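Take a look at the structure below.
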Amino acid sequence: MGEVDAAFIQEPHHRPHPSLAQEAQGIPLIDLSSPDVDALIDDIGHACKQWGFFQIINHGVPSERRLRLEAAARKFFHLSSNEKRKVRRDARKVLGYYDTEHTKNVRDWKEVFDYTVQEPTLAAASIDPDDDRVAHWENQWPQNPPEMREACQEYAKDMVELASRLMELISMSLGLPPRRFEDFFKDHTSSTRINRYPPCPSPELALGVGPHKDPGVLTILAQDEVGGLEVKRKSDGQWVGVKPIPNTYIINLGDVLQVWTNGQYQSVDHRVMVNSAKERFSIPFFLNPSHYTTVEPLEELTNDQNPAKYKSYNWGKFALTRKRSNFTKLPVENIQIHHFQNIPTHSYLRDCPRIFG
């Protein structure tokens, strides 16, 4: 990627401070093999409420699957730019390789490969509220390395199973039936991303991914031993590092879950630091609902004393709107769930009054 140019430089208040970085203490580490189901559910609920993220061990996903995918990804990312760009994504082909992504309108110091679980994935064709057409997103698979496609597909199946179990535990932690969320995922739009963060000559100016919250339901993240993930601790608002632990996954709650729980569980800000010496790989799996899902607080979690804190919106059109910032730098912040809070109408909603209602 060469020297840092202006497109990568964060605003002063967002710039990392590697020398001041601190490691988070007390991050919940939850053993999914615990025979005490009630205690497990309580632990999940506490982590969701107090942290917005947690780590899991004994999750049932064979480490060989992740290592196989990571090995294939390393081969792919080390190919020439021309070779990788044979499967480059764009506004029409939204899946595949990309190396100029932006977060909060600042370019990320990374390159990625995206693929969806469902093939094809049914998605909204446009953000027009009167357009009911359905798009069919197709994965772009590289021919080299030849083992990458199978490694990606096997890993995605494991992630779907793990996500399903986590959603059952989260549902029970809210006092709901285990399968309360199941119907939202009939034609789910879940995807997996493989991130490569090259060494950066000025890690004090750039970020692998800028500060953000995940827009979907939840994220299951595998990171290598290099590390770099930081989260904004809810208790004091400080950025703290998440130390890699072998064969664990980091679970981030997303905005959709925040809305479903009416703010009882909240998504958390996170970002990725880079360094000048080592490349870093991470693999997040994003659990997302069906494109036609209306996202709104669950009826069971609202009442007269706790009314709905969010207006309803369509997931498919929301997700498609968010993708705009992948391909162009926007003049304003991209759409966020705080635009749907039940407060006096935000200017963004005045501009798009029917898409998200």
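Anchor point for the sequence shown: position 302 equals 367 in this note's numbering, and the numbering is continuous, going up by one each time.
Glycine included, every Cβ here is placed at the ideal spot set by N, Cα and C.
From a predicted model like this one, the values you see are computed outputs, not experimental measurements.
Beta-carbon gap between residue i and residue j smaller than 8 angstroms
{"i": "THR326", "j": "LEU231", "result": "no"}
{"i": "TYR262", "j": "GLY273", "result": "yes"}
{"i": "ILE109", "j": "ILE235", "result": "yes"}
{"i": "ALA384", "j": "THR254", "result": "yes"}
{"i": "ASN123", "j": "LEU105", "result": "no"}
{"i": "PRO81", "j": "GLU269", "result": "yes"}
{"i": "GLN75", "j": "VAL177", "result": "no"}
{"i": "SER292", "j": "PRO309", "result": "Strictly speaking, residue 292 in this sequence is Gly, with Ser absent from that position. A contact, by the Cβ cut-off of 8 angstroms."}
{"i": "SER256", "j": "ASP369", "result": "no"}
{"i": "GLN406", "j": "TYR378", "result": "no"}
{"i": "ARG133", "j": "ASP223", "result": "no"}
{"i": "PHE246", "j": "THR358", "result": "no"}
Residue environment, residue i, which counts as buried when at least 16 other CB atoms sit within 10 Å
{"i": "GLY281", "result": "buried"}
{"i": "ALA271", "result": "buried"}
{"i": "LYS278", "result": "buried"}
{"i": "VAL307", "result": "buried"}
{"i": "ASP416", "result": "Legend: pLDDT at ASP416 = 46, less than 50; position of this residue unreliable, value from coordinates given subsequently. With fewer than 16 other Cβ atoms within 10 Å, it is exposed."}
{"i": "PRO354", "result": "buried"}
{"i": "THR386", "result": "buried"}
{"i": "PRO100", "result": "exposed"}
{"i": "VAL397", "result": "Here VAL397 scores only 48 on pLDDT, less than 50, and its place in the model should not be relied on; the value that follows carries that caveat. Exposed is the call here."}
{"i": "LEU395", "result": "Model confidence at LEU395 stands at a pLDDT of 48, short of 50, so the residue's coordinates are unreliable; what they give is reported in the following sentence. So LEU395 counts as exposed."}
{"i": "ASP320", "result": "buried"}
{"i": "LYS149", "result": "buried"}
{"i": "GLU365", "result": "exposed"}
{"i": "GLY302", "result": "exposed"}
{"i": "ASN260", "result": "buried"}
{"i": "HIS201", "result": "exposed"}
{"i": "HIS404", "result": "buried"}
Residue i versus the options, residue with shortest Cα-Cα distance
{"i": "ALA188", "options": "LYS376, HIS356, ASN123 and ASN368", "result": "HIS356"}
{"i": "SER128", "options": "THR386, VAL339 and THR313", "result": "THR313"}
{"i": "ALA138", "options": "ILE109, ALA216 and TRP304", "result": "ALA216"}
{"i": "PRO93", "options": "HIS403, ALA104 and ILE121", "result": "ILE121"}
{"i": "TRP304", "options": "LEU294, PRO311 and TRP174", "result": "LEU294"}
{"i": "ASP95", "options": "GLY125, PHE383, HIS82 and ALA72", "result": "The sequence as given places Ile at residue 95; Asp does not occur at that position. Checked all of GLY125, PHE383, HIS82 and ALA72; the closest Cα to ILE95 is GLY125."}
{"i": "GLU219", "options": "GLN406, ASP193 and GLN183", "result": "GLN183"}
{"i": "MET46", "options": "PHE141, GLY328, ASN147 and MET237", "result": "Since the displayed the chain opens at 66 and closes at 422, residue 46 lies outside it and no answer follows."}
{"i": "GLY328", "options": "VAL339, ALA342, PRO362 and SER341", "result": "PRO362"}
{"i": "HIS111", "options": "LYS299, PHE250, VAL360 and PRO268", "result": "LYS299"}
{"i": "ASN317", "options": "GLY117, PHE249 and HIS404", "result": "GLY117"}
{"i": "GLU344", "options": "LEU241, THR358, LEU144 and LYS175", "result": "LYS175"}
{"i": "VAL102", "options": "MET237, VAL360 and LYS376", "result": "MET237"}
{"i": "ASP252", "options": "PRO243, ASN170 and VAL225", "result": "VAL225"}
{"i": "PRO211", "options": "CYS113, PRO194 and ALA136", "result": "ALA136"}
{"i": "GLN90", "options": "HIS79, PHE119 and ALA228", "result": "PHE119"}
{"i": "GLU166", "options": "ALA72, ALA200, TRP202 and LEU134", "result": "ALA72"}
{"i": "HIS22", "options": "ARG154, LYS169, VAL199 and SER145", "result": "The chain is shown from 66 up to 422; residue 22 falls before or after that span and cannot be answered."}
{"i": "ASP432", "options": "GLU365, VAL339, ALA373 and THR367", "result": "Summary: the structure shown does not reach residue 432, with the chain confined to residues 66 through 422, and so no result is reported for it."}
{"i": "ARG198", "options": "GLY381, HIS404, HIS403 and LYS388", "result": "GLY381"}
{"i": "THR367", "options": "LEU227, LEU241 and LYS388", "result": "LEU241"}
{"i": "ARG153", "options": "VAL337, ALA287 and GLU203", "result": "GLU203"}
{"i": "ALA156", "options": "SER191, CYS113, SER145 and SER146", "result": "SER191"}
{"i": "GLN288", "options": "PRO311, HIS143 and LYS297", "result": "PRO311"}
{"i": "LEU286", "options": "ASN147, LYS297, ALA228 and VAL360", "result": "ALA228"}
Cβ-Cβ separation, residue j to residue i (assumed contact under 8 angstroms), whole Å
{"i": "PRO185", "j": "ARG258", "result": "That pair is no contact at about 18 angstroms."}
{"i": "THR284", "j": "PHE351", "result": "6 angstroms"}
{"i": "SER267", "j": "VAL69", "result": "4 angstroms"}
Neighbour flag for residue i against chain C, beta carbons, 8 angstroms
{"i": "LEU187", "result": "Structure shown: chain C not included; a single protein chain is present."}
With a cut-off of 8 angstroms, do at least 3 Cβ pairs link the stretch 150-165 to the stretch 306-325?
Fewer than three beta-carbon pairs drawn from the stretch 150-165 and the stretch 306-325 are found closer than 8 angstroms, and the two stretches are therefore not classed as touching.
Quick test of the definition: if touching needs 3 or more C-beta pairs under 8 angstroms, does the stretch 196-213 touch the stretch 330-342?
Segments in contact, no.
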